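J.: Residue numbers (my numbering): 114 to 342. Cβ atoms here follow ideal geometry from the backbone N, Cα and C, with glycine treated the same way. Just so you know, these numbers come straight off a predicted model, no measurement behind them. Structure provided below as structure tokens; questions to follow.
Set out below in structure tokens:
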């Protein structure tokens, strides 16, 4: 049975509780992140490492920051540079990037010569650095920014739709939140707006439902934009 552990703070230290709110790992860390793929990044003293669900240190604290694992790979920071490790603790890509994103769906967004592109875990550049900003891939697409506007690319680097959004997010359940003229809406994986940009705030869809706000009114909508309650 999978036990979900949640980090909590007690006084100045962090530990983990289970779903019954019982302490499983006593507060002992300077900071703690959520578990992912059986490991959680924790701060011990001034450095970050990883523990397992028993609280045992699996990867020694030697990093200046550490992110969650995805497909067995996590981003870590040494000094001012980012690199990537495997869940065994082996260094996969040496710290060399002034900025990089999380590994997702086989690709990593990295800053190369002041532009962002994508490389694989073998350090092969798959999408040439041409973007001002870029997010990690989700559901086969990644949000990228060029000339002040956001759009989406496939893993080939091909643009889907137009560069027309003021803000853009990752895909979730086949839809992504986008912003035009201070209003949020949703697009599908073809880059088509399926729920018009009309909300002051909007969340990702979870099990087919998203929460949206217009002025002081909060509503819940389905994937077609119909109000549920």
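Hey, residue 302 and residue 272: beta-carbon distance below 8 Å or not?
T.: no
J.: What residues are listed by DSSP as bridge partners for residue 194?
T.: 191
J.: Around the C-beta of residue 203, are 16 or more other C-beta atoms found within 10 angstroms, so that it is buried, or is it exposed?
T.: With fewer than 16 other Cβ atoms within 10 Å, it is exposed.
J.: Quick one: residues in its chain with C-beta nearer than 6 Å to the C-beta of residue 114, no 5 flanking neighbours on either side, listed in chain order?
T.: For residue 114, the predicted structure reports a pLDDT of 49, less than 50, and the residue's modelled location is therefore unreliable. The matter cannot be settled from this model.
J.: Report, in whole angstroms, the separation of the C-beta atoms of residue 304 and residue 265, which I expect to be a contact under 8 Å.
T.: 6 Å
J.: Out of curiosity, what's the CA-to-CA distance linking residue 259 and residue 245?
T.: 6 Å
J.: Between 233, 218, 182, 228, which lies nearest to residue 206 when the distance is taken from Cα to Cα?
T.: Just measuring C-alpha positions, the residue of 233, 218, 182, 228 sitting nearest residue 206 is 233.
J.: Note down the Cα distance separating residue 325 from residue 333, rounded to an integer number of angstroms.
T.: 6 Å
J.: What would DSSP say about residue 182, mapped onto helix, strand or coil?
T.: coil
J.: Report the option in 184, 297, 128 whose CA atom is closest to the CA atom of residue 157.
T.: 128
J.: Going by DSSP in three states, residue 157 sits in which element: helix, strand or coil?
T.: Per DSSP, reduced to three states, the secondary structure at residue 157 is strand.
J.: What does DSSP give as the partner residues of residue 319 in its beta bridges?
T.: 322
J.: Go through its chain and collect everything with a Cβ distance to residue 180's Cβ below 7 Å, but skip five positions before and after it.
T.: For residue 180, same chain residues with a beta-carbon under 7 Å away, outside a window of 5 residues either side, are 154, 187, 188, 215 in chain order.
J.: Does the Cβ of residue 249 have 16 or more other Cβ atoms within 10 Å, making it buried, or fewer, making it exposed?
T.: Buried, because 16 or more other Cβ atoms sit within 10 Å of the Cβ of residue 249.
J.: For residue 170, count neighbouring C-beta atoms within 10 Å of its own C-beta (all shown protein chains included) and say buried if the count is 16 or more, exposed if not.
T.: Result: exposed.
J.: What are the partner residues of residue 292, as DSSP defines its beta bridges?
T.: 280, 297
J.: Near residue 199, which residues of its chain fall below 7 Å by C-beta distance, leaving aside the five closest residues on each side in sequence?
T.: 185, 186, 205
J.: Helix, strand or coil: how does DSSP classify residue 268 here?
T.: Reduced to three states, the DSSP call for residue 268 is coil.
J.: Can you list, in chain order, the residues of its chain whose CB lies under 6 Å from that of residue 130, leaving out five sequence neighbours each side?
T.: 119, 121, 136
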